[in-house]
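All remarks here apply to the structure that follows.
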Amino acid sequence: MLLIQCPYCAVERPELEFRYGGEAHIARPESPSELTDEQWADFLYMRSNPKGVMAERWRHVHGCGRFFNALRDTVSDRFLAVYKAGEPRPDIEAPEPTAPNKETGR
Amino acid sequence: MTRFSFWELARKALNAHQDWGDQWRKPEPKPAYDVIIIGAGGHGLATAYYLAKEHGVTNVAVLEKGWLGGGNTGRNTTIVRSNYLWEESEALYDHAMDLWQDLSQELNYNVMYSARGVMMLAHTVHDIQVFKRHVHANRLAGVQNEWLSAEEAKAFCPPLNIGKNIRYPVLGAALQRKGGVARHDAVAWGYARGADQYGVDIIQNCAVTGIRRNADGSVAGVETSRGFIGAKKVGVVAAGHTSTVMDMAGVRMPLESNPLQALVSEPVKPCFPCVVMSNTVHAYVSQSDKGELVIGAGTDQYVSYSQTGGLQITTHTVDAICELFPMFRRMRMLRNWGGIVDVTPDRSPIIGKTPVPGLFVNCGWGTGGFKATPGSGHVFAHTIARDDPHPINAPFTLDRFRTGRLIDEAAAAAVAH
Numbered sequence: 001m002l003l004i005q006c007p008y009c010a011v012e013r014p015e016l017e018f019r020y021g022g023e024a025h026i027a028r029p030e031s032p033s034e035l036t037d038e039q040w041a042d043f044l045y046m047r048s049n050p051k052g053v054m055a056e057r058w059r060h061v062h063g064c065g066r067f068f069n070a071l072r073d074t075v076s077d078r079f080l081a082v083y084k085a086g087e088p089r090p091d092i093e094a095p096e097p098t099a100p101n102k103e104t105g106r
Numbered sequence: 001m002t003r004f005s006f007w008e009l010a011r012k013a014l015n016a017h018q019d020w021g022d023q024w025r026k027p028e029p030k031p032a033y034d035v036i037i038i039g040a041g042g043h044g045l046a047t048a049y050y051l052a053k054e055h056g057v058t059n060v061a062v063l064e065k066g067w068l069g070g071g072n073t074g075r076n077t078t079i080v081r082s083n084y085l086w087e088e089s090e091a092l093y094d095h096a097m098d099l100w101q102d103l104s105q106e107l108n109y110n111v112m113y114s115a116r117g118v119m120m121l122a123h124t125v126h127d128i129q130v131f132k133r134h135v136h137a138n139r140l141a142g143v144q145n146e147w148l149s150a151e152e153a154k155a156f157c158p159p160l161n162i163g164k165n166i167r168y169p170v171l172g173a174a175l176q177r178k179g180g181v182a183r184h185d186a187v188a189w190g191y192a193r194g195a196d197q198y199g200v201d202i203i204q205n206c207a208v209t210g211i212r213r214n215a216d217g218s219v220a221g222v223e224t225s226r227g228f229i230g231a232k233k234v235g236v237v238a239a240g241h242t243s244t245v246m247d248m249a250g251v252r253m254p255l256e257s258n259p260l261q262a263l264v265s266e267p268v269k270p271c272f273p274c275v276v277m278s279n280t281v282h283a284y285v286s287q288s289d290k291g292e293l294v295i296g297a298g299t300d301q302y303v304s305y306s307q308t309g310g311l312q313i314t315t316h317t318v319d320a321i322c323e324l325f326p327m328f329r330r331m332r333m334l335r336n337w338g339g340i341v342d343v344t345p346d347r348s349p350i351i352g353k354t355p356v357p358g359l360f361v362n363c364g365w366g367t368g369g370f371k372a373t374p375g376s377g378h379v380f381a382h383t384i385a386r387d388d389p390h391p392i393n394a395p396f397t398l399d400r401f402r403t404g405r406l407i408d409e410a411a412a413a414a415v416a417h
């Protein structure tokens with residue numbers, strides 16, 4: 001199970017308190033009626049699904065209830081950073097691969 | 001290549017089975033091929049086999065970054081069934097079901113297909129409505145599926161606890177008698193051996209690192225860890241890594257890769273007659289021919305390529321199994337593992353052409369691709385050979401996410417996600 005730091009509560013909690021929110025920084029279209037079908041498909045369905053550093057949303061459903069963003073390495077499941085919603089994505093590269101602890105992913 | 005038969009078995013027995021030989025070659029890659037398949041799992045090898053056998057395309061290479069059948073083909077829970085809801089899916093999965101029936105004879109390789117019945121349990125009024133809808137839809141389409149009361153379910157699978165005093169009592173079940181299990185490794189090995197006999201090169205330990213394109217945008221070949229290999233057509237069958245491979249050609253995919261876990265128990269004598277799955281409480285169990293209980297757990301909620309998942313997911317599944325089958329409560333689990341599955345928004349696969357000429361993709365099988373292996377390879381081979389989809393996979397385009405003609409099978413997928 002992952003241990004996740006909530007940037008609002010500033011505490012580390014087990015994954016059970018959180019709900020995943022998918023890829024971060026996908027902005028809702030400003031003027032939806034002007035979008036083509038391709039742009040809609042891209043907004044609704046296409047995902048970068050990276051093998052490496054991923055910016056993703058989490059929601060602390062059984063805590064403060066707020067959405068926040070995180071950078072996580074999808075190969076090791078290690079969290080690299082957590083940041084509040086609305087803040088820009090931190091500029092962090094993936095660390096050198098080391099064997100993660102299988103239980104915590106850290 | 002030796003053809004397996006009783007006579008051959010008896011003859012080799014005289015020599016203590018020392019001279020069976022390799023079942024496929026270990027060829028060096030040629031400079032160019034007509035078709036390159038990326039990924040030597042069940043689907044990729046089946047594609048190569050049917051390309052050679054049905055379409056006469058034998059100048060084919062199957063590239064595999066690890067060893068053949070070492071990804072999700074070797075990690076799944078080996079269930080075969082075809083009780084999906086929509087006509088498009090019924091046609092696709094039942095096509096595979098038809099091929100399963102005599103696959104061992106076709107490949108001259110025992111894939112150990114055992115039609116022991118797949119029973120899906122209903123625990124709520126909503127489950128009953130959904131499963132009955134599936135049963136009726138399936139029967140209209142000529143797909144085998146039937147409704148059982150709780151007592152009939154108990155008669156079909158005696159270890160089942162249908163008591164009223166459990167958290168989610170069993171209210172009934174949908175049963176597909178033709179469903180069952182097959183030996184996952186044998187499917188990969190059988191197709192590999194069959195494809196190799198037609199001259200297909202299966203090149204293991206050869207990771208694709210790039211897709212080279214011609215000036216007109218069409219595919220020129222693939223860059224690999226063993227150098228450039230030219231190809232007129234490239235088929236990507238890379239399961240959880242499809243997004244990564246397609247990104248090399250600049251194509252974005254509607255996929256998310258999640259870990260899906262499974263586990264097996266210590267082996268015991270035959271005690272479990274069928275496959276039982278329950279979406280609501282997430283139990284998913286059968287018994288292998290070796291005697292181990294084979295248990296499918298759920299997906300983790302986050303994107304990951306780690307081939308491992310949270311222990312709470314497996315705990316949840318084991319809890320449900322202990323409640324439904326009290327006789328397993330003291331059983332010990334031997335191993336658990338994870339595979340990376342590529343999940344589409346509508347839980348249906350993508351099989352067909354891509355915006356890049358000469359590049360084809362077969363992906364998005366999510367948590368349930370093993371059952372479709374023969375059918376998937378069969379229609380994908382047709383698509384690559386003819387440059388045009390087979391009528392069965394025509395609806396499963398990448399373009400459906402633009403047109404909105406989705407094939408929503410979230411309820412038929414046995415793994416909640």
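Line order of the protein sequences matches chains A and B. Note that the UniProt record's numbering numbers the first sequence so that position 64 is 64, with each residue one more than the last. Note that the UniProt record's numbering numbers the second sequence so that position 242 is 242, with each residue one more than the last. Beta carbons are placed, not taken as given, at the ideal position from N, Cα and C, and that holds for glycine. All figures in this text were calculated on a predicted structure; none of them were measured in a lab.
Quiz item: For residue 16 of chain B, does the count of other Cβ atoms within 10 angstroms reach 16, so buried, or fall short, so exposed?
Solution: exposed
Self-check item: Below-8 Å beta-carbon distance, residue 93 of chain A vs any chain B residue
Solution: Taking Cβ atoms only, chain B never reaches closer than 8 Å to residue 93 of chain A, which makes this a no.
Quiz item: Just the Cα atoms here: how many angstroms apart are residue 274 of chain B and residue 27 of chain B?
Solution: 41 Å
Quiz item: Hey, does residue 9 of chain A have any beta-carbon neighbour from chain B nearer than 8 Å?
Solution: no
Self-check item: Short-range partners of chain A found in the region 288-313 of chain B, where Cβ spacing is below 7 Å
Solution: 301, 302, 303, 304, 305, 306, 308, 310, 311 and 312
Self-check item: Residue-chain proximity (residue 348 of chain B, chain A), Cβ-Cβ < 8 Å
Solution: no
Quiz item: With a cut-off of 8 Å, does the C-beta of residue 253 of chain B fall near any C-beta of chain A?
Solution: yes
Quiz item: Going along chain A, which residues have a C-beta under 7 Å from residue 345 of chain B?
Solution: Neighbours of residue 345 of chain B on chain A, chain order: 45.
Quiz item: My guess is that residue 69 of chain B and residue 188 of chain B are in contact by the Cβ rule of under 8 Å, so how many angstroms apart are they, rounded?
Solution: 3 Å
Quiz item: Per DSSP, which one or two residues make a beta bridge with residue 253 of chain B?
Solution: A:47
Quiz item: Which residues, taken in chain order from the region 65-93 of chain A, show a beta carbon closer than 7 Å to some beta carbon of chain B?
Solution: 74, 75, 76 and 77
Quiz item: How is residue 1 of chain A classed by DSSP in three states: helix, strand or coil?
Solution: coil
Quiz prompt | Within chain A, the residues that residue 402 of chain B reaches when beta carbons sit closer than 8 Å | solution = 37, 38, 40 and 41
Self-check item: Simplified DSSP assignment, three categories, for residue 83 of chain B
Solution: coil
Quiz item: Quick one, which residues of the region 213-228 of chain B are near chain A if we go by CB-CB under 7 Å, in chain order?
Solution: Going along the region 213-228 of chain B in chain order, one finds no residue with a Cβ nearer than 7 Å to chain A.
Self-check item: Identity of the residues DSSP links to residue 363 of chain B by a beta bridge
Solution: B:350
Self-check item: Per-residue DSSP class, three states only, for residue 210 of chain B
Solution: strand
Quiz prompt | For residue 274 of chain B, the three-state DSSP class (helix, strand or coil) | solution = coil
Self-check item: Spatial neighbours of residue 297 of chain B in its chain, beta-carbon cut-off 7 Å, leaving aside the 5 residues before and after
Solution: 261, 262, 263, 313, 314 and 317
Exercise. Consider the Cβ of residue 146 of chain B: report whether some Cβ of chain A lies at a distance smaller than 8 Å.
Key: no
Quiz item: Mind checking if residue 2 of chain A is an interface residue toward chain B, Cβ cutoff 8 Å exclusive?
Solution: yes
Self-check item: Within-8 Å CB hit, residue 117 of chain A to chain B
Solution: Summary: the structure shown does not reach residue 117 of chain A, with chain A confined to residues 1 through 106, and so no result is reported for it.
Quiz item: Identify the residues that DSSP records as bridge partners of residue 202 of chain B: which are they?
Solution: B:62
Self-check item: Reference residue 144 of chain B; option with closest CA among B:241, B:154, B:167 and B:119
Solution: B:119
Quiz item: With burial defined as no fewer than 16 other Cβ atoms inside 10 Å of the residue's Cβ, what is the status of residue 395 of chain B: buried or exposed?
Solution: buried
Quiz item: Mind checking if residue 88 of chain B is an interface residue toward chain A, Cβ cutoff 8 Å exclusive?
Solution: Answer no: the Cβ-Cβ gap between residue 88 of chain B and chain A never drops below 8 Å.
Practice problem: Give, in chain order, every residue of the region 254-273 of chain B whose Cβ lies closer than 8 Å to some Cβ of chain A. | Solution: 254, 255, 256 and 257
Self-check item: Residues near residue 278 of chain B in its chain [Cβ-Cβ closer than 6 Å; skip 5 each side]
Solution: Excluding residues within five positions, the ones whose Cβ falls inside 6 Å are 121.
Quiz prompt | Residues in the region 75-87 of chain B having any Cβ partner in chain A nearer than 9 Å | solution = none
Quiz item: Relative to the C-alpha of residue 61 of chain A, which residue among A:10, A:5, A:3 and A:17 is closest?
Solution: Considering only alpha carbons, the answer is A:17.
Quiz item: If we ignore side chains and look at the alpha-carbon of each, how far apart do residue 201 of chain B and residue 66 of chain B end up?
Solution: So the two alpha carbons sit approximately 15 Å from each other.
Quiz item: With a cut-off of 8 Å, does the C-beta of residue 244 of chain B fall near any C-beta of chain A?
Solution: yes
Quiz item: What is the DSSP secondary structure of residue 242 of chain B, reduced to helix, strand or coil?
Solution: helix
Quiz item: Apart from the five residues just before and just after residue 103 of chain A, which ones in its own chain have a Cβ nearer than 6 Å to its Cβ?
Solution: Interpretation of residue 103 of chain A is limited by its pLDDT of 49, a score under 50 that renders its predicted location unreliable; the figure taken from the coordinates is listed afterwards. Nothing listed; no residue qualifies.
Quiz item: For residue 286 of chain B, which of helix, strand or coil comes out of DSSP?
Solution: The DSSP-derived three-state label of residue 286 of chain B is strand.
Quiz item: What's the gap between the Cα of residue 125 of chain B and the Cα of residue 72 of chain B?
Solution: 34 Å
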